[in-house]
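Working notes, beginning with the structure itself.
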Amino acid sequence: MRERNKRREPYKDRDPYTGEEDGINSILERLRKWEVACQAGLFSRLTSGQRHKKPSDAELERLALHYFPARGDLRVRIVDYGNGFARTHEATTLGQLEQFIKNKPNDIDVRWIHVPLGPGIALSSVEDLFLNEGGVERRNASIVGASHSWPYQEVEVLNLRHRDEYKAMRDVFAMLSKKDNNAANLRFQARLDKASESSMSDSLVQDLIWRAKHLDEKFGYWDLVCSDIPYHLTQVPAMETAHGPKDGPKALNAQHVQQTLWNHKFYENAQLVRNKLRCFHRHDGVLLTMAPVSGIDYLDKDLNTYLNYSKQKREDSEDASVLGFLFERFAQTGTKDWPEKTVEWLLTYILTEAAAAPHTIRQGRNAVTITSAYQAVVERLKMRRYEEFRRNESVKLVKEYLTCTDELTSICMLLHGKAVNLKQLLENVQKDDEDFSTRAGARRMSRQTSGRGSTPVVVPPGSCETMKDRIVWALGLVEDQNKTFQSLKEDLRLATEALFQLRSIEQNELAIVADSQNKAILVFTGVTIVFLPLSFFTSYFGMNLKGIQSTDRDEHWFWTVCGSIAFVIILISMLYAFRKFLRARWERANTREYSPV
Numbered sequence: 103m104r105e106r107n108k109r110r111e112p113y114k115d116r117d118p119y120t121g122e123e124d125g126i127n128s129i130l131e132r133l134r135k136w137e138v139a140c141q142a143g144l145f146s147r148l149t150s151g152q153r154h155k156k157p158s159d160a161e162l163e164r165l166a167l168h169y170f171p172a173r174g175d176l177r178v179r180i181v182d183y184g185n186g187f188a189r190t191h192e193a194t195t196l197g198q199l200e201q202f203i204k205n206k207p208n209d210i211d212v213r214w215i216h217v218p219l220g221p222g223i224a225l226s227s228v229e230d231l232f233l234n235e236g237g238v239e240r241r242n243a244s245i246v247g248a249s250h251s252w253p254y255q256e257v258e259v260l261n262l263r264h265r266d267e268y269k270a271m272r273d274v275f276a277m278l279s280k281k282d283n284n285a286a287n288l289r290f291q292a293r294l295d296k297a298s299e300s301s302m303s304d305s306l307v308q309d310l311i312w313r314a315k316h317l318d319e320k321f322g323y324w325d326l327v328c329s330d331i332p333y334h335l336t337q338v339p340a341m342e343t344a345h346g347p348k349d350g351p352k353a354l355n356a357q358h359v360q361q362t363l364w365n366h367k368f369y370e371n372a373q374l375v376r377n378k379l380r381c382f383h384r385h386d387g388v389l390l391t392m393a394p395v396s397g398i399d400y401l402d403k404d405l406n407t408y409l410n411y412s413k414q415k416r417e418d419s420e421d422a423s424v425l426g427f428l429f430e431r432f433a434q435t436g437t438k439d440w441p442e443k444t445v446e447w448l449l450t451y452i453l454t455e456a457a458a459a460p461h462t463i464r465q466g467r468n469a470v471t472i473t474s475a476y477q478a479v480v481e482r483l484k485m486r487r488y489e490e491f492r493r494n495e496s497v498k499l500v501k502e503y504l505t506c507t508d509e510l511t512s513i514c515m516l517l518h519g520k521a522v523n524l525k526q527l528l529e530n531v532q533k534d535d536e537d538f539s540t541r542a543g544a545r546r547m548s549r550q551t552s553g554r555g556s557t558p559v560v561v562p563p564g565s566c567e568t569m570k571d572r573i574v575w576a577l578g579l580v581e582d583q584n585k586t587f588q589s590l591k592e593d594l595r596l597a598t599e600a601l602f603q604l605r606s607i608e609q610n611e612l613a614i615v616a617d618s619q620n621k622a623i624l625v626f627t628g629v630t631i632v633f634l635p636l637s638f639f640t641s642y643f644g645m646n647l648k649g650i651q652s653t654d655r656d657e658h659w660f661w662t663v664c665g666s667i668a669f670v671i672i673l674i675s676m677l678y679a680f681r682k683f684l685r686a687r688w689e690r691a692n693t694r695e696y697s698p699v
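To convert a position in the sequence shown, counted from 1, into the numbering used here, add 102.
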């Protein structure tokens, strides 16, 4: 590991795709300023003295396609694994996917296809295209497999994004996807829709149109790309298995995206997000995996360097990304070191690697784990319980407690879901192994390529782990993390109860002090109520008219005018003060007068 890290160190800071980022950031900043100016009132815009111009349609289209590529332009990764070799097809787009789904070369054992798609109608279309092609009817997947859940596996994973990148994705989508009916916006939306459709094959477009009509959804650029936004950590405690494209929460529905993890120095620029990795495989040895563009899965001391990577650099980096690591893992040896040259073994390897992340194992444990970071955050929150009561600061502290509780709850639910999926996968593998040991000639979906009959697999020295070993390893990591986070959640719950008790005692003491102060104030208030009107009226009615120059008015005139005015003012004030009481008396009197005998 030391030699490997030494060889890669000079290449970590090199990112050939960052040249475009500077121009994109400039466009986004101008768009944000223009949006703020539009939301401000006319008076604010006139007094600010600044005029912000909206970026051109070409710049906005470039901005949108940078953060949300058209579906047909998504980079699809295809790797063919054979005995001692692997062939990678890197220049493939979603528009060229069908030919690789249909035709699998005879000289390879397994073909792996990865499509960066999140939940939605596009994922559903690619799934159907995959399962119905290759000379294999869809029903075979559940008939040949050990159980219905074995052929179709998914796992919800955690990864890290740069917090500015996550905010930029949400801002771009929110600002550019507005449904304005003005001509300029309609032309802009039409350009994006055209760019989206032109990049896909005709058959895929027709399937998407049919699927959108069937599901009563819109088939537009923004409707297809919204799944690229990863879910916020605390958006929902746990996402159940989506039974269809319309199921599941919407990523943009999350409003509170602050995280207490930012209070830790190592993770101050990181946003912890979640997404799903879905896997489908056929008995002819083809594996399809689908998930949105991944973030940082492996943690080491260069986390901030990885967070600033461009999307393509991040996908390709075996130091930062699970997918990058997996694409390089067997690039030289192919299936040579696999205990079983089957699609199920590769599927298990991918699922267990994704389920175990994020962790520091691959990089030699040279970074602070997320578990340790949350332990430090919880400890800091517990110490702040004993700070003196301050009105605004205490409210902020309670909000931090609640936010951290939500985060820990979501992580615990996610880890529990991982453990359930891994246990189900382990049961399927064990059941399949039992079938092989009891039924001669039985085979797993693609085990006809391995030549294995009823004889157990013998793992030669230097080979990779068996499926069972991989699952047990990943399950152990997940369960250990779950126990730690459960303890942290319980510790924080008790700390929250103690915080509320302390604040209640402080509030009671403050209330006692305030009550004694109010009694003193009440005395002065009573004196003021009595003597202020007396002082006013004595001054008002005690005016000396003879002392006023150039006046011929006498006291009779003064009492006639000023006395009448004072009487009217007092009468109006009393009527207004007792208006509710007088109205109620009048309504009761009318009710008695007109009530039937």
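Note that beta-carbon positions come from the ideal geometry of N, C-alpha and C, so glycine has one too.
None of the values given here were measured: they were computed from a predicted structure.
C-alpha gap between residue i and residue j, whole angstroms
i	j	result
K367	A597	23 angstroms
S396	L167	17 angstroms
R681	S666	22 angstroms
E481	V359	22 angstroms
S298	K438	41 angstroms
S552	M485	Confidence in S552 is poor, its pLDDT being 44 and thus under 50, which makes the residue's placement unreliable; the coordinate value appears in the next sentence. Answer to the nearest angstrom: the Cα atoms are 59 angstroms apart.
V212	P394	23 angstroms
T322	K281	The sequence shown places Gly at residue 322, not Thr. Cα-Cα distance, rounded: 12 angstroms.
T511	L260	14 angstroms
L278	R685	56 angstroms
Y169	L162	11 angstroms
F602	P332	34 angstroms
V375	E608	38 angstroms
V228	L199	9 angstroms
R533	K570	This sequence places Lys at residue 533; Arg is not what is there. Cα to Cα, K533 sits roughly 11 angstroms from K570.
E490	A600	14 angstroms
E495	R487	11 angstroms
I614	M676	35 angstroms
F639	W688	33 angstroms
G519	E258	8 angstroms
N287	D330	22 angstroms
I452	H461	15 angstroms
Cβ-Cβ distance between residue i and residue j below 7 angstroms
i	j	result
C506	T336	no
H440	C566	Here residue 440 is Trp; the residue named in the question, His, does not match the sequence. Cβ atoms of W440 and C566: closer than 7 angstroms.
E430	E442	no
V424	E455	yes
K223	I180	In the sequence on display, residue 223 carries Ile and not Lys. Not a contact, by the Cβ cut-off of 7 angstroms.
R173	L401	no
Y254	F427	no
H154	A139	yes
M392	V178	no
L231	L225	no
N371	R265	yes
A576	A458	yes
L504	V580	no
V479	N610	no
G197	S303	yes
R134	P157	no
Extent of the continuous beta strand (DSSP E) run through residue i
i	result
G184	R177 to G184
Q373	A372 to H383
E256	Y254 to H264
V388	V388 to M392
Span of the alpha helix (DSSP H) around residue i
i	result
N584	M569 to F643
W214	First-last for W214: V212 to V217, but that is the beta strand (DSSP E), not the alpha helix (DSSP H).
T435	No alpha helix (DSSP H) contains T435, which DSSP labels as neither H nor E.
L405	L405 to L409
T444	That residue, T444, is in no alpha helix (DSSP H); it is neither H nor E in DSSP.
T662	E657 to A679
T473	I472 to M485
V359	Looking at the DSSP string, V359 is not in any alpha helix (DSSP H), and its letter there is neither H nor E.
F202	L199 to K204
K415	K413 to D418
Whole-number beta carbon distance between residue j and residue i, since they are thought to touch under 8 angstroms
i	j	result
Q414	R263	No, Q414 and R263 are not in contact; Cβ-Cβ is about 15 angstroms, not under 8 angstroms.
D209	T195	About 25 angstroms separates the two Cβ atoms, so there is no contact after all.
E256	L379	6 angstroms
A712	D399	One cannot answer for residue 712 here, as it falls past the ends of the chain, which runs 103 to 699.
F290	T473	Actually they do not touch by this definition, with Cβ atoms about 45 angstroms apart.
A270	Y369	About 19 angstroms; that fails the 8 angstroms criterion.
### Message
Counting beta carbon pairs with one atom in the stretch 197-217 and one in the stretch 311-318, are three or more of them shorter than 8 angstroms?
### Response
no
### Task
State whether the stretch 523-535 contacts the stretch 586-597, with contact taken as three or more CB pairs (one from each stretch) at a distance under 8 angstroms.
no
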